Each structure stands twice: as structure tokens, then as C-alpha cells.
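In my numbering, the protein residues as written are 194 to 460. Where is the CB? At the ideal position from N, CA and C, for every residue including glycine. None of the values given here were measured: they were computed from a predicted structure.
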């Protein structure tokens, strides 16, 4: 990729889940600045009020005034109808033929960290968590790649927002660690099976978000509560914007190994 091309992601269709707040909102803002006129952004989340506020912000931005089309979809990615709504919005967002389709699988939940693994004996409870955090990303990715198949001149990129917890066990975080590990492996397989698709699992680090508040206040393991509390007090949490900037640099340079797990602290 030439330096001129690397200055942007091209005329792109970008789909971002969990886009209403936190890291997903930061990703939506940054992508809006890196795509060229004729691009479309599809923002999906369960929180309608926050989501529509992000859409209005981007529509009124310089990119929006230059012709960026922004669609918002209030959808639960853990349900089939939610996935269908996102695909419909993605097709509607196409003003003209794009040369890059990007999916950012950001939607996720922490799960109940106030309990240890042996307390999760209810199949329905565990299945519900895995449906939102694993099955949804798998099925949405498959639907996007089917809806926008490979053709000459088209780049396709799939980003999985992962965590250190995908490769390191954390006591009282059995649900979260399991979900992140499963997603990482699924995207590694995808990278092998679909060599024309660029696949990246990006770990954004400990972010200063509502999830961190929950982590340091509700984790059953006292050592984990202290770890996150100390990070907060010592100012070691990262802003969503700072971590997102590193993700954008990765995507622009496009030199990562497809399927790789890349941590913010590796950059």
C-alpha cells in the first residue's frame, strides 16, 4: 500500500457494533475521519438514545457534510432479527460501490464477575452469555462476508475487539475469559479459511469505561478488585481515544499478520 493510499481507508462501508458508547463510539468517530467521500457507516447498539446521539454527531461532522452516510440500528446482536437489521442497514448505506468493507465486532458484556466458575450451573445462563458474546460475532461476521462477497478491487477487513483475558485466566471472570478466548480462536480459524479477508483481534487495554467501574467494584476475587482499583487511582487506565488511535494506525498500515492478537501495549 502506498503512502497516499495509507492516509485513508478508502471508500468504505464500516459496520461497528456496540457503537453507542465507550470504545465503540471512539471507533465510529475515528473511522468517520479516515474514510473518503461516498463511504457509509452503520452503527449498531442496544441503547437507542446514545446511539442516535452518535449518529447525529457524525452526520453533522465535516465527514457527514462531505457526504458520509451514517445509519444507526438499534439491535440486539444476540438475536437473529438484530443481525438481519444490521445487514439491511449495511445494504441501505451503500450510496455507491465501495472498495473496502470493514466489520468491527465490538459489542460485548462483562458478565457476572461477582461469582466464581463453580457457581455457573445453569445452562440457560451460560448459553445466554455466550450467545451475546461469541455466537453473535460469529454469525454477524459470516452474514457480512456473505452479503459482500469477494470481487476484484474489494478489500474486506474483520476486527475483533478482544482482551488480555482471551489468553490469560482471571479469577471470577470465567464468563468473560471464555468468551474472549473463543472469539480469538474463531477469528484465527477465519483467517486461515479466508485468506483474502484481513482479520485482526485487537486488545485495547484497560480502558476508563463503565466496565472498569464494574470490574473494580463487583469482582469476587479481592486481588482483581485491588488490581483494577490501583490502576484507576494511579491513572493507568487508558482513554478510549488513545487506544483507538493505535487501532487506526494498525488498520492504516495494514502490516499485521491476519488472525493475529495484537495488544495495545505491543504497539
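Separation of residue 334 and residue 209 (C-alpha to C-alpha, rounded to the nearest whole angstrom) is 11 Å. Within the segment 226 to 264, the complete alpha helix (DSSP H) segments at least 4 residues long are 241 to 252 and 255 to 258, listed from N- to C-terminus.
The continuous beta strand (DSSP E) containing residue 208 extends over residues 205 to 210. Beta bridge pairing from DSSP links residue 395 with 354 and 455.
The beta carbon of residue 269 sits closer than 6 Å to those of 239 and 275, all from its chain and outside the five residues before and after it, given in chain order.
DSSP places residue 337 inside the alpha helix (DSSP H), whose first and last residues are 329 to 340.
Within the DSSP secondary-structure output, residue 267 pairs in a beta bridge with 238. Our two residues, residue 237 and residue 329, have alpha carbons roughly 13 Å apart in a direct line.
Contact annotation: residue 376 and residue 402 have beta-carbon atoms that are not nearer than 9 Å. Comparing alpha carbon positions, the residue from 324, 351, 202 and 400 closest to residue 422 is 400. Less than 9 Å divides the Cβ of residue 233 from the Cβ of residue 206.
Distance from residue 343 to residue 389 at the Cβ level is roughly 5 Å; contact confirmed, criterion being Cβ atoms closer than 8 Å.
Here residue 213 has 238, 240, 243, 244 and 247 as same chain residues with Cβ atoms under 7 Å from its own Cβ, once five neighbours each way along the sequence are excluded.
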